[in-house]
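Down below is the structure, laid out as structure tokens.
Protein chains: 2
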Amino acid sequence: MQVFTYMFPFCENRHVTVFDPTRKRNARGEQRQQALLRAAAAVFGRLGYHQTTTNAIAAEAGVSPATLYQFFPNKEAIASALASMYAREMAEAELAIDSEGVLSFAEAVGELIDVCMSFNRKHPEFHTLVVDAPLSPSAREDKQVLGQVFVDFIAARLRRELPTLSRSDAAHHGQVALMIFRGILDELTIASPHARPRLQQAMRNAVLRYLTPVLEESKAGRALRNA
Amino acid sequence: MQVFTYMFPFCENRHVTVFDPTRKRNARGEQRQQALLRAAAAVFGRLGYHQTTTNAIAAEAGVSPATLYQFFPNKEAIASALASMYAREMAEAELAIDSEGVLSFAEAVGELIDVCMSFNRKHPEFHTLVVDAPLSPSAREDKQVLGQVFVDFIAARLRRELPTLSRSDAAHHGQVALMIFRGILDELTIASPHARPRLQQAMRNAVLRYLTPVLEESKAGRALRNA
DNA sequence: CTCCTATACAAGTAGATACTTGTATTCCAA
DNA sequence: TTGGAATACAAGTATCTACTTGTATAGGAG
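Residue numbers (the numbering used here), protein chains in the order written: chain A, 1 to 227; chain B, 228 to 454.
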């Protein structure tokens, strides 16, 4: 796989036959690129990452395979572009939750879970991209940052309720909450519409029931010490 | 892909050049088949299902690729044979838990989780086989049965504590417990040895904290009605 | 022994699919 | 208007890997 070929100005033959990251885009090109991303999202959503072929993406977008490679160096780059987009968008949505800080712990965590579930329902292809696709380093970082935002949200809320909780313990509980979320999300993405509401409720229960004892046990400890 | 070719008795050329499920094995053949399965397990464990090539399995076993196809019709069959073996073995181990029925709810569920975690640690390749590999119908059934054994174990224990709980609710909670288990297991399989004990504890906490309120809330309800 | 069959492998084939080549066409800035 | 750059695609190629072919050897039942 040749990612791209530099064509230096002093080079005789300057026409670009492979992807060139420095290439200028005109309006048509920008639209094509967006259309290709939309098409890729649709096909990834239908078939999953591995089953999706670049030819299928090109066909879905109504262009030839060669055209696709004018805009993306390879299949991974398409998945990475989408995954990065979604990861940043989702992280932003999480950061916007309760910016005034008026929600209770349970309300805030419930809202976090709802936001994440809605996002995954709105973009079903996100799941396969994050789970199955080999992403570029930069996309992997965006994905990792997204996870960190989730973890930090919960850690911050835990420490707001219980300032004596160490940062590392708070982060640990955030991470476990994320694992629980992902475990149930895996099923949610393949669940029948009929089964979904119950699972969504189970998701909230599972995460909150894991987290609240972290606060409760400590209150109990305080009560004991105060007695 | 040609799974096998029937060589009928009245056929002139009876030599078998592809896999034949009816073929008799001698001692050497049985050993080769086991060695191939062991080799496959090792490579699947190192590389995951998709990255593993049949050539790599043959090389690991020290045989030619052609020899491998004397014993298995295709790559999927190797994964399926392993997955079936493991799924049955694991289900058996789960069914053996607390056969005398002396453990408390929390002890029994804790034991279930320990058994499952140990098994996955002992056979790291099981995870990729179950998650990534396209299995044969029969292996898929074994996998599904394994999941059901986990769910039923928890459902039975829930109903033993709380006979008024409906079968379908009990099964639902068992399923959610399984999702939580899988979510944390995903991380456990890639966690550093240093991080593992804490995660194992988190696993027990997460599942038990999800399940115990099912019993507690109902006791609370009963207490209210009795007041 | 002797014949049939199981075992073994060197050296392939076949099919899928990510990606390229060469060239024609459109756009737009100067 | 015109030339260079961007867009577009028909028709490929290259590679990977699951799987076969043909043939040679070992082993056990009779």
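C-beta: ideal position from N, C-alpha, C; glycine also.
The alpha helix (DSSP H) enclosing residue i, as first and last residue numbers
i: Asp-341 (chain B); result: 332-349
i: Arg-157 (chain A); result: 137-161
i: Lys-75 (chain A); result: 75-95
i: His-50 (chain A); result: 27-51
i: Ser-395 (chain B); result: 394-415
i: Glu-60 (chain A); result: 54-61
i: Asp-359 (chain B); result: 352-359
i: Thr-67 (chain A); result: 65-71
Candidates the options, of which the one nearest residue i by Cα
i: Ala-310 (chain B); options: B:His-354, B:Glu-338, B:Ile-381, B:Ser-393; result: B:His-354
i: Glu-443 (chain B); options: A:Arg-209, A:Leu-215, A:Ala-156; result: A:Arg-209
i: Val-43 (chain A); options: A:Ala-106, A:Arg-160, A:Thr-52; result: A:Thr-52
i: Val-151 (chain A); options: A:Pro-73, A:Pro-197, A:Leu-95, A:Gly-48; result: A:Leu-95
i: Tyr-296 (chain B); options: B:Ile-324, B:Gly-328, B:Val-245, B:Thr-249; result: B:Val-245
i: Pro-134 (chain A); options: A:His-50, A:Leu-37, A:Ser-118, A:Pro-213; result: A:His-50
i: Arg-348 (chain B); options: B:Val-376, B:Gln-427, B:Glu-257, B:His-399; result: B:Gln-427
i: Lys-370 (chain B); options: B:Leu-389, B:Tyr-313, B:Leu-415; result: B:Tyr-313
i: Ala-79 (chain A); options: A:Ala-61, A:Ser-136, A:Leu-112; result: A:Ser-136
i: Ala-171 (chain A); options: A:Thr-164, A:Glu-161, A:Phe-153, A:Gly-183; result: A:Phe-153
i: Met-117 (chain A); options: A:Arg-204, A:Gln-34, A:Asn-26, A:Pro-21; result: A:Arg-204
i: Pro-21 (chain A); options: A:Ser-64, A:Ala-39, A:Phe-72; result: A:Phe-72
i: Gln-241 (chain A); options: A:Gly-62, A:Gly-45, A:Ala-56; result: No information on residue 241 (chain A) is available, as it lies outside the stretch 1 to 227 that chain A covers here.
i: Phe-181 (chain A); options: A:Val-115, A:Gln-33, A:Glu-92; result: A:Val-115
i: His-123 (chain A); options: A:Arg-160, A:Gly-45, A:Gln-148; result: A:Gly-45
i: Val-145 (chain A); options: A:Leu-47, A:Asn-26, A:Glu-92, A:Gly-29; result: A:Glu-92
i: Ile-97 (chain A); options: A:Val-149, A:Ala-77, A:Ala-139, A:Glu-141; result: A:Val-149
Rounded distance between the beta-carbons of residue j and residue i, thought under 8 Å
i: Val-434 (chain B); j: Val-336 (chain B); result: 6 Å
i: Ala-264 (chain A); j: Glu-125 (chain A); result: Here chain A has residues from 1 to 227 only, and residue 264 (chain A) is not among them.
i: Val-176 (chain A); j: Ala-418 (chain B); result: About 12 Å separates the two Cβ atoms, so there is no contact after all.
i: Asp-413 (chain B); j: Met-179 (chain A); result: 7 Å
i: Lys-75 (chain A); j: Thr-54 (chain A); result: 5 Å
i: Leu-385 (chain B); j: Leu-330 (chain B); result: Contact flag wrong, Cβ pair sits at about 14 Å.
i: Leu-456 (chain B); j: Ala-293 (chain B); result: The question about residue 456 (chain B) has no answer, for chain B in this structure spans 228 to 454.
i: Arg-423 (chain B); j: Leu-415 (chain B); result: 7 Å
beta-carbon residue i near the ligand GDP non-hydrogen atom, thresh 6 Å
i: Ala-304 (chain B); result: Because no ligand of any kind appears in the structure shown, any question about the ligand GDP cannot be addressed here.
Practice item. Scan the segment 108-128 of chain A for residues whose Cβ lies nearer than 7 Å to a Cβ of chain B and list them as they occur along the chain. Key: none
Using Cβ-Cβ distances below 9 Å, what residues of the segment 67-81 of chain A are close to chain B?
none
What are the residues in the segment 263-278 of chain B lying within 9 Å of chain A by C-beta distance?
His-277
Problem - Residues of the segment 373-401 of chain B whose Cβ lies closer than 9 Å to any Cβ of chain A, in chain order - result: His-399, His-400
Chain A contacts made by the segment 416-438 of chain B, where a contact means CB separation under 8 Å
Arg-425, Leu-426, Ala-429, Asn-432, Ala-433, Arg-436, Tyr-437
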